[in-house]
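Adding 11 to a residue's 1-based position in the sequence shown gives its number in my numbering. Think of the CB as a built atom: it goes at the ideal place given N, C-alpha and C, for glycine as much as any other residue.
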Amino acid sequence: IGSESVVVVDARHEAIFAVGHIPNAISLPRSSFNEAYNRLKTTLEEDRDRLIVIYCSGPECMDSYLVKMGLENLGYTNAKVYKGGWEEWSRLSSMISVHR
12 IGSESVVVVD
22 ARHEAIFAVG
32 HIPNAISLPR
42 SSFNEAYNRL
52 KTTLEEDRDR
62 LIVIYCSGPE
72 CMDSYLVKMG
82 LENLGYTNAK
92 VYKGGWEEWS
102 RLSSMISVHR
């Protein structure tokens, strides 16, 4: 996911983000969406068609879908949800580390 043409967004609470997150992700928590968006909008407004991949804790978490809806309501046209979220990412990245 680490491309300059992709923005990776963590929809979990900022305190959880601080403990661990996907590399290069930015924190845009659902719980404080408007406040966080106002801090990040200069980064995000560069290109509203740019791919934004949003994740939260895992498949059962709905925060990423709510952040996606919020961004779409603000005119973003290419927001996608990484359904596996942090749970899948951390599991897969630890498996890759073990097998190196």
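Assuming contact is defined by CB atoms lying nearer than 8 angstroms, are residue i and residue j in contact in what I supplied?
{"i": "S75", "j": "G95", "result": "no"}
{"i": "A47", "j": "P40", "result": "yes"}
Which residues in the same chain have their Cβ closer than 8 angstroms to the Cβ of residue i, if we skip the five residues on either side of it in sequence?
{"i": "I37", "result": "V18, V19, V20, D21, L51 and T54"}
{"i": "E98", "result": "S68, G69 and P70"}
Could you pull the DSSP bridge partners for residue i from this structure?
{"i": "A90", "result": "I63"}
{"i": "I37", "result": "V20"}
For residue i, which residues from the same chain have a beta carbon less than 7 angstroms from its beta carbon, with the 5 sequence-adjacent residues on both sides left out?
{"i": "S16", "result": "R61 and L62"}
{"i": "F44", "result": "V78 and G81"}
Does DSSP put residue i in a helix, in a strand, or in coil?
{"i": "S68", "result": "coil"}
{"i": "L85", "result": "coil"}
{"i": "G96", "result": "helix"}
{"i": "D74", "result": "helix"}
{"i": "E46", "result": "helix"}
{"i": "E120", "result": "In the structure as shown, the chain begins at 12 and stops at 111. Residue 120 is therefore absent and cannot be evaluated."}
Among residues of its own chain, excluding the 5 on either side of residue i, which ones have a beta-carbon nearer than 6 angstroms to its beta-carbon?
{"i": "L82", "result": "A90"}
{"i": "H24", "result": "P40 and S42"}
Do we get a CB-CB distance below 8 angstroms when we pair residue i with the residues of chain C?
{"i": "E83", "result": "The structure shown contains no chain C; it is built from a single protein chain."}
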